[in-house]
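Chemist: Under this note's numbering, think of the first position of the sequence shown as 115, with each following residue one higher.
Beta carbons are placed, not taken as given, at the ideal position from N, Cα and C, and that holds for glycine.
Quick one: structure below, then a few questions.
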Amino acid sequence: MTTPEPTPTLSFGGKPRIYPMRLYGDPILRRKAKPLQPSDTLHVPGYEPQTVRQVADTMLETMFEERGVGLAAPQIGLPVRMFVAVEYEDDEEEKEGQEKPLRSRVLREYVMLNPVIKVLDKKKDKSYQEGCLSIPGIYEEGVPRARRVSVSYTDLDGQARTLDAEDYLARVFQHETDHLDGKLFLDHLPAEITDEHRRDLLKIQQASKNFLHHLTTWEKQRQHTRENL
Ligand SMILES: [Zn+2]
Numbered sequence: 115m116t117t118p119e120p121t122p123t124l125s126f127g128g129k130p131r132i133y134p135m136r137l138y139g140d141p142i143l144r145r146k147a148k149p150l151q152p153s154d155t156l157h158v159p160g161y162e163p164q165t166v167r168q169v170a171d172t173m174l175e176t177m178f179e180e181r182g183v184g185l186a187a188p189q190i191g192l193p194v195r196m197f198v199a200v201e202y203e204d205d206e207e208e209k210e211g212q213e214k215p216l217r218s219r220v221l222r223e224y225v226m227l228n229p230v231i232k233v234l235d236k237k238k239d240k241s242y243q244e245g246c247l248s249i250p251g252i253y254e255e256g257v258p259r260a261r262r263v264s265v266s267y268t269d270l271d272g273q274a275r276t277l278d279a280e281d282y283l284a285r286v287f288q289h290e291t292d293h294l295d296g297k298l299f300l301d302h303l304p305a306e307i308t309d310e311h312r313r314d315l316l317k318i319q320q321a322s323k324n325f326l327h328h329l330t331t332w333e334k335q336r337q338h339t340r341e342n343l
């Protein structure tokens, strides 16, 4: 099980290759995100403003680096209704030590703006293990998710689209859309489960505090530099 180390030296400013992950305890993960347009300019805290497409590309990069299957904008500090997700060739657990680049197994990448989920099959499915890049090292089975859903969303070109998904992919879309409403997968499980992970969650919360402290300090310094130019 991985537990996050205290935040290493962070380099803010400019255009990042990947974004630092917002962690459990960060208030942004509990906010309801706002709708966005593909033509918007987005400002990820700590970095230069970027287009929606640039942010989406960097979110995909971040997701692959962190070995995730989905990443929602609030998880990088942006309170907007957008997520990225990926479907791999197979669902098999990676073998220990096997470092085949994830990107070589990508079947399809998704970037969804303003997604709305319609449940097609109410039957709840609990058969997959779920985790979250904002809650590193914690995985649980038994999160009830609709087995089949239809997602209506806007793509990066501004086209309205609809996509049906089932099983694991349907779960990913539900998990990511939850993030846009300030909901985390642990919220779907009995409180005892959260209690069981209390020690690890406290460590993650501390890492989150450290990160926010670094970010605030950096922003103050930048503000100060600007005022003195
Ligand atoms: Zn998540």
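So for ALA305, helix, strand or coil by DSSP?
Modeler: Translated into positions along the sequence shown, residue 305 becomes position 191. Note: ALA305 maps to helix in three-state DSSP.
Chemist: Give me the DSSP bridge partner(s) of SER266.
Modeler: Taking the sequence shown and counting its residues from 1, the one referred to as residue 266 is at position 152. VAL230 and THR276.
Chemist: Taking 8 Å as the cut-off, is the CB of ALA186 close to at least one heavy atom of ligand 2?
Modeler: The model depicted lacks ligand 2 and carries ligand 1 instead.
Chemist: Rounding to the nearest angstrom, what Cα-Cα distance links VAL233 and ALA199 in this structure?
Modeler: Here residue 233 refers to the residue found at position 119 when the sequence shown is read from its first residue. Here residue 199 refers to the residue found at position 85 when the sequence shown is read from its first residue. Answer to the nearest angstrom: the Cα atoms are 19 Å apart.
Chemist: Would you call the region 122-140 and the region 248-268 in contact, with 3 or more CB pairs under 8 Å?
Modeler: Counting Cβ pairs under 8 Å, three or more are found: they touch.
Chemist: Which word fits SER322, buried or exposed, when buried means at least 16 other C-beta atoms lie within 10 angstroms of its C-beta?
Modeler: Within the sequence shown, the letter at position 208 stands for residue 322. Taking every protein chain shown into account, the CB of SER322 has 16 or more other CB atoms within 10 angstroms, so this residue is buried.
Chemist: Helix, strand or coil for TYR161? Go by DSSP, reduced to three states.
Modeler: For the purposes of this step, residue 161 is identified with residue 47 of the sequence shown, where counting begins at 1. Reduced to three states, the DSSP call for TYR161 is coil.
Chemist: Using CA coordinates, which residue listed in PRO130, ALA147 and TYR282 is at the minimum distance from ASP295?
Modeler: Working through the sequence shown from its first residue, we reach residue 295 at position 181. Of the candidates PRO130, ALA147 and TYR282, the one whose C-alpha sits nearest the C-alpha of ASP295 is ALA147.
Chemist: Using the three-state DSSP reduction, which class does GLU201 fall into: helix, strand or coil?
Modeler: Counting from one through the sequence shown, the residue named residue 201 turns up at place 87. Here GLU201 sits in strand by DSSP.
Chemist: According to DSSP, is VAL225 helix, strand or coil?
Modeler: Mapped onto the sequence shown, residue 225 falls at position 111. It is a strand residue.
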